[in-house]
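Novice: Going letter by letter, the sequence shown gives residues -20 to -1, 1 to 499 in mature numbering (1 follows the signal peptide of the UniProt record, and there is no 0).
Think of the CB as a built atom: it goes at the ideal place given N, C-alpha and C, for glycine as much as any other residue.
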Amino acid sequence: MKKIFMLTLIASFISSISFGQETERYLNPHTFTYSTSCAVLGNHLYLNVGNHGYFNWDAHGQAIIKLNDSLEVIDSVDISGLNHHRNNESLYVEKIESINGQLHVLLTSFYYVGNSYPRYEAVILKVDSFLNILDTIILGSDSLNISLADISIANGKIFYTGAIWDTAYANQRSLIIQQSFDSSIERFESVDIAGDKSYPVHFADLTMYNDSVFAISMISAYDYYRPLTFLDTNMNVISTIKIQDPIKPEFGTYNEGYFVRSNDSTTRLITTVNHFSHNLPPPVYADFYYNLGVVNLTSQFQVQSIDTFAFSGANTHLDGTLNTMGVKPRNDAISMNNTDSCFIAIAGQEVFGSHFEIKPLNEVYLYNLNTNTNTLNWSRIYTRHSTGNQISTDILPGNRYVLVLNEYDWTNYSSPNTSVHVMILDNQGSILSERAFVREAEVDVYPNPASDYFSINLPHAVTSAEFSILDLNGRCLHSGKASSGKHIPIHDLPPGKYVVKIKTELGPELINSLVIKQP
């Protein structure tokens, strides 16, 4: 077996380690416009949120929020400024995972030094169910860029994976970190499978294949046959394969997938099969077509067969047809507890014509796959303002799914995100409840702080709204109807902090803002 290259973990790699960090609370469960990951811990849903656009990472307004079963924000914690409180720092949450009764949050922090390339540092947060930050680990140095992208557990250890490269954007390698639950980093290693090293960003997805073997798949520039590498928990490389459709081997396969286990202990890879061609005549310069792929692997980690399901038109695996319209997916897959099914969510970004124009409305595809027969139990399609770039799922108690995706107004590329959409689904994919958190600019509560009254500024398309005033324990103290500029009296309320909940006539959106009543 091939042994991966060992990196010695020295103190300069760890910029900061702290325990029991004091947290800064967002008493205002603010509106927000962007989320990248969610996790369920106990009966509550946690997701990261931010007030920024699709093309703009922002260190300000970054938080983790806690939602109850009714999708109400009941707590939140600010995670901005974790990396030395740099003014020019930007944060991006890569992953939130529930592990051993805690939340593990992986962040990428980047900042600029002069006119140089941006510097990247990886941040690992460990947070309890009450959103207290228990541990903060920052990895990186003045000469080394590190970014973490995924997390998994095996044999009582935590494994992180990502990328490592120098500040000249060279010598890029995949990175694996092994850690005990007590926060001590035991191994810090890299494996030289990054592919095209001339491109600055390589992120690895980590998935446990079984209790002793895990796989990482690399995103590498211009490497459309994305490699999949199997390693044991001692960091030995067992096998490296590239998944290609046997019907169209000349077409690339973008392996963004997850392993699921059926009751016969067969492990299958749920992936995205990407067919592409750069040889089409003008005005179509490139053509992409995607299928959902189920890859059956042998015990030697080789591809035995590929089953595909079409979700963007023709099944290219069956008829080999390419079309000038395709769907760029972002998928997530989870195995249902004690069942032989797998829930798969894919947010489509449909492009058409030349130069990849983007449709304003796109489909969100939901599948329930029978992992024993590779057949679909059911499928559903919902239409949303989604670009397919971020979607996350998890399992809630009661055999329910949670689905979190971002929605956009693509009138131009500088438009901000419009909302974060959270959906609770039953085990047949039907929507039980949903909530859209719209951007803060759409509603304003003023003055804040207030003394005798406050007013609500509503969007132009809204003539009235229902409001309720709650204390921080969630008790409703006052409710009614309001229009823009109308004074809402609060002189009978004692001094303190309150939450104003607003429901507009546009739909199910509930907008939360904080009012502080001065003595």
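1) Considering only the beta carbon of each residue, do residue 382 and residue 411 sit closer than 7 Å?
2) Just grab the DSSP bridge partners of residue 125 for me.
3) Pick out the complete beta strand (DSSP E) segments inside the segment 57 to 117, 3 residues or longer, and give them in chain order.
4) I'd like to confirm the pairing. Which residues does DSSP put opposite residue 346 in its beta bridges?
5) To the nearest angstrom, how far is it from the Cα of residue 120 to the Cα of residue 373?
6) Counting only the same chain and skipping the five closest in sequence on each side, list residues whose C-beta sits under 6 Å from that of residue 464.
7) Would you report the Cα separation of residue 281 and residue 274, rounded to the nearest angstrom?
8) Less than 7 Å between C-beta atoms, sequence neighbours within five positions excluded: which residues of the same chain meet that for residue 278?
9) Start and end of the beta strand (DSSP E) containing residue 154?
10) In angstroms, rounded to a whole number, what distance separates the CA positions of residue 22 and residue 96?
11) For residue 281, which three-state DSSP category applies?
12) Is it true that the CB of residue 364 sits closer than 7 Å to the CB of residue 384?
13) Alpha carbon to alpha carbon, how far is residue 471 from residue 451?
14) From 219, 123, 28, 427, pick the residue whose C-alpha is nearest to that of residue 152; which is it?
15) Per DSSP, which one or two residues make a beta bridge with residue 137?
16) Please name the residue in 409, 480, 75 whose C-alpha comes closest to that of residue 429.
17) Between the alpha carbons of residue 14 and residue 466, how many angstroms are there, rounded?
18) Kindly indicate which residue of 72, 454, 462, 211 has the alpha-carbon position closest to the one of residue 477.
19) Straight-line CA distance for residue 92 to residue 349?
20) Kindly indicate the opening and closing residues of the beta strand (DSSP E) around residue 460.
21) So for residue 219, helix, strand or coil by DSSP?
22) Note down the Cα distance separating residue 402 from residue 417, rounded to an integer number of angstroms.
23) Report, in whole angstroms, the separation of the C-beta atoms of residue 74 and residue 129, which I expect to be a contact under 8 Å.
24) Round the Cβ separation of residue 53 and residue 113 to the nearest angstrom and send it over; I've been treating them as touching at under 8 Å.
25) Relative to the alpha-carbon of residue 449, which residue among 443, 468, 431 has its alpha-carbon at the smallest distance?
26) Work out the CA separation of residue 358 and residue 43 for me, nearest whole Å.
27) If we call anything under 7 Å between Cβ atoms a contact, is residue 217 one with residue 208?
28) Looking only at C-alpha atoms, which of 446, 462, 79, 214 sits nearest to residue 109?
29) In its own chain, which residues sit with a C-beta less than 6 Å from the C-beta of residue 221, not counting the 5 before and 5 after it?
30) For residue 548, count neighbouring C-beta atoms within 10 Å of its own C-beta (all shown protein chains included) and say buried if the count is 16 or more, exposed if not.
31) Going by the beta-carbon positions, is the gap between residue 26 and residue 83 smaller than 7 Å?
32) Near residue 361, which residues of its chain fall below 8 Å by C-beta distance, leaving aside the five closest residues on each side in sequence?
33) Per DSSP, residue 401 forms a beta bridge with which residues?
34) Residue 372 lies in the beta strand (DSSP E); which residues open and close that run?
35) Using DSSP's beta-bridge definition, name the partner residues of residue 51.
36) Please identify the residue among 484, 20, 406, 413 whose C-alpha is closest to the C-alpha of residue 51.
Specialist: Taking the geometry as given:
1) no
2) 145
3) 70 to 79, 82 to 91, 99 to 107
4) 325, 360
5) 30 Å
6) 437, 438
7) 14 Å
8) 284
9) 153 to 159
10) 44 Å
11) coil
12) no
13) 15 Å
14) 123
15) 134
16) 480
17) 30 Å
18) 454
19) 45 Å
20) 456 to 462
21) strand
22) 8 Å
23) 5 Å
24) Wrong, their Cβ atoms sit about 18 Å apart, outside the cutoff.
25) 468
26) 35 Å
27) no
28) 79
29) 208
30) For residue 548 there is no data in the structure shown, the boundaries of the chain being -20 and 499.
31) yes
32) 343, 344, 345, 346
33) 385, 416
34) 371 to 376
35) None; residue 51 has no bridge partner.
36) 413
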